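**Student:**
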Amino acid sequence: MKAEYVTSTLGTGTELHISSAEYKRINNEDGWNDHPNLMFAVISYTSANRCTNSIKNRDLEEAFRHIKKAGTIVLATKTDAETAWCEVYAITEGKIIPVITSNDGSDFNINYSGKTKRERNKTRKEREDD
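Heads up: the sequence shown begins at 1 in our numbering, then just goes up one per residue.
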């Protein structure tokens, strides 16, 4: 499993970068044994940065859904002098897409991908039709 720590341009300290190719490999049958290592890296990052929130696999999946052909899932630490929290971004085609963000570390905004929005609308429509 490959992940990189780089000096942060989106927050403070370092960022955790996971390539979309590596994320895709880990989440298919061939790489499933590395999935616990990925989540350990994510949990370690949020713990080391004393983030108030935790990042789940579904959060990484949402970032992955924003990526077109190639890109990077980024975890960045933000702070307001008292509280630190982790935000999730997707970098693809030269764009930085905020996926999970917050202004204060307690209320979080989720920027759902087009694919997720379509799936949610389809599920909602199926429920209404039943």
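We put the beta carbon where it would ideally sit given N, CA and C, even for glycine. What you are looking at is a predicted structure, and each value in this text was computed from that prediction instead of being measured.
Is there at least one non-hydrogen atom of the ligand ZN closer than 7 Å to the beta-carbon of ARG58?
**Tutor:** Looking at this structure, you won't find the ligand ZN or any other ligand, since it has none at all.
**Student:** Rounded to whole angstroms, what's the CA-CA distance from ILE140 to ARG118? Just pull it up for me.
**Tutor:** There is no way to answer for residue 140, as the model of the chain reaches only from 1 to 130.
**Student:** ILE55 to GLY105, Cα distance in whole Å?
**Tutor:** 13 Å
**Student:** Does the count of Cβ pairs from the segment 66-73 and the segment 9-26 closer than 8 Å reach three?
**Tutor:** yes
**Student:** Could you tell me how far apart the beta carbons of THR92 and LYS115 are, in whole angstroms, since I believe they sit closer than 8 Å?
**Tutor:** At roughly 13 Å, the Cβ-Cβ gap does not stay under 8 Å, so THR92 and LYS115 are not in contact.
**Student:** Is DSSP giving ALA63 helix, strand or coil here?
**Tutor:** In the three-state scheme derived from DSSP, where H, G and I count as helix and E and B as strand, ALA63 is classed as helix.
**Student:** Quick one: give me the first and last residue of the alpha helix (DSSP H) that ASN103 is part of.
**Tutor:** First-last for ASN103: undefined, no H or E at that position.
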